[in-house]
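S.K.:
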Amino acid sequence: MGGRRPSTAGSVTSHFGTRGTARRSPSSRHRASHTSVAGKGLGFADPKLAKAYQHAMRVLGEVDAKVIIIECARQFLTMDGGKYPDELIDQMMQAGYGVQHRALNAAGFGVAQSRERSILVCTRVGLDLDPIVGYLFPEEQESTACVADIMDADLPATIPEADITPHTTKRAPRKGQRVKVGHIDGLNCQGYRVYCPNSAGRASP
Numbered sequence: 001m002g003g004r005r006p007s008t009a010g011s012v013t014s015h016f017g018t019r020g021t022a023r024r025s026p027s028s029r030h031r032a033s034h035t036s037v038a039g040k041g042l043g044f045a046d047p048k049l050a051k052a053y054q055h056a057m058r059v060l061g062e063v064d065a066k067v068i069i070i071e072c073a074r075q076f077l078t079m080d081g082g083k084y085p086d087e088l089i090d091q092m093m094q095a096g097y098g099v100q101h102r103a104l105n106a107a108g109f110g111v112a113q114s115r116e117r118s119i120l121v122c123t124r125v126g127l128d129l130d131p132i133v134g135y136l137f138p139e140e141q142e143s144t145a146c147v148a149d150i151m152d153a154d155l156p157a158t159i160p161e162a163d164i165t166p167h168t169t170k171r172a173p174r175k176g177q178r179v180k181v182g183h184i185d186g187l188n189c190q191g192y193r194v195y196c197p198n199s200a201g202r203a204s205p
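Residue numbers for the sequence shown follow the UniProt record's numbering, beginning at 1 and rising by one.
1) May I have the straight-line CA-CA distance separating Val133 from Arg74, to the nearest angstrom?
2) Pick out the complete beta strand (DSSP E) segments inside the segment 58–113, 3 residues or longer, and give them in chain order.
3) So what does DSSP say about Leu155, is it helix, strand or coil?
4) Hey, Gly96 and Ser143: beta-carbon distance below 8 Å or not?
5) Applying the criterion that 16 or more other CB atoms from any shown protein chain within 10 Å of the CB defines a buried residue, is Gly81 buried or exposed?
6) Roughly how far, in whole angstroms, is the beta-carbon of Leu104 from the beta-carbon of Arg117, given that I think they are within contact range, below 8 Å?
7) So, helix, strand or coil for Arg115, using DSSP?
8) Give the straight-line distance between the Cα atoms of Ala52 and Asp154, rounded to the nearest whole angstrom.
9) From Met151, Val67, Val111 and Ala112, pick the residue whose C-alpha is nearest to that of Gly98; which is it?
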């Protein structure tokens, strides 16, 4: 299907039909840390990721399953101008699958965490699905979950500094500086991973 463009959050893109026969093609297990904002951000310039991607593409072309679900970093759908999702979709269509992809946020499905991921659902052509759109993604709901839901009532919401063991003895560049509550930024950090106990999905500034 020509002229495909990666979907953005809240939209669904569907690709149905087959293209010839299944083929073997380069690929591998996708490490989200290389494509996510929080990770190294090297993309497929990282040789380890490129090798993993090549292996994964080969396996996906050989697996005979009714449904294959692929979850990866949100940026995968747009990195390098959409080259890699296009390649993946072509591979799956040639193997006899229809493909729908969408960016979803875990906070919209009852999880107390704001975590956006790219979800690709590959369904074997011939399954009893809508002939036009194929698999129908569930709709995100207003986030109501909060960290306090899974905390014991008698536990404090904060961790004493004395109980935190650093992974490195290197002094943090922002030591002594104020940072926005709930957001850990920087190239190798993890974005919204610190939560207000009463927040819905992530801590408020």
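The beta carbon of each residue, even a glycine, is placed where N, CA and C say it ideally should be.
The structure displayed is predicted, hence computed values, not measured ones.
M.R.: Considering the structure as presented:
1) Your numbering for residue 133 matches position 133 in the sequence shown. Your numbering for residue 74 matches position 74 in the sequence shown. The alpha-carbon atoms of Val133 and Arg74 are separated by roughly 21 Å.
2) 67–73 and 97–105
3) Translated into positions along the sequence shown, residue 155 becomes position 155. Correct three-state label for Leu155: coil.
4) Counted from its first residue, the sequence shown places residue 96 at position 96. Counted from its first residue, the sequence shown places residue 143 at position 143. It is not a contact, given that the beta carbons lie outside the stated cut-off.
5) Here residue 81 is taken as the residue at index 81 of the sequence shown, counted from 1. Exposed: under 16 other Cβ atoms inside 10 Å.
6) Position 104 of the sequence shown, counting from 1, holds the residue named residue 104. Position 117 of the sequence shown, counting from 1, holds the residue named residue 117. 6 Å between Cβ atoms; contact.
7) For the purposes of this step, residue 115 is taken as residue 115 along the sequence shown, with counting starting at 1. Three-state result, Arg115: coil.
8) Indexing the sequence shown from 1 puts residue 52 at position 52. Indexing the sequence shown from 1 puts residue 154 at position 154. Going from the Cα of Ala52 to the Cα of Asp154 covers about 44 Å.
9) Sequence index remark: in the sequence shown, residue 98 carries index 98 (1-based). Of the listed residues, the one whose Cα sits closest to Gly98 is Val67.
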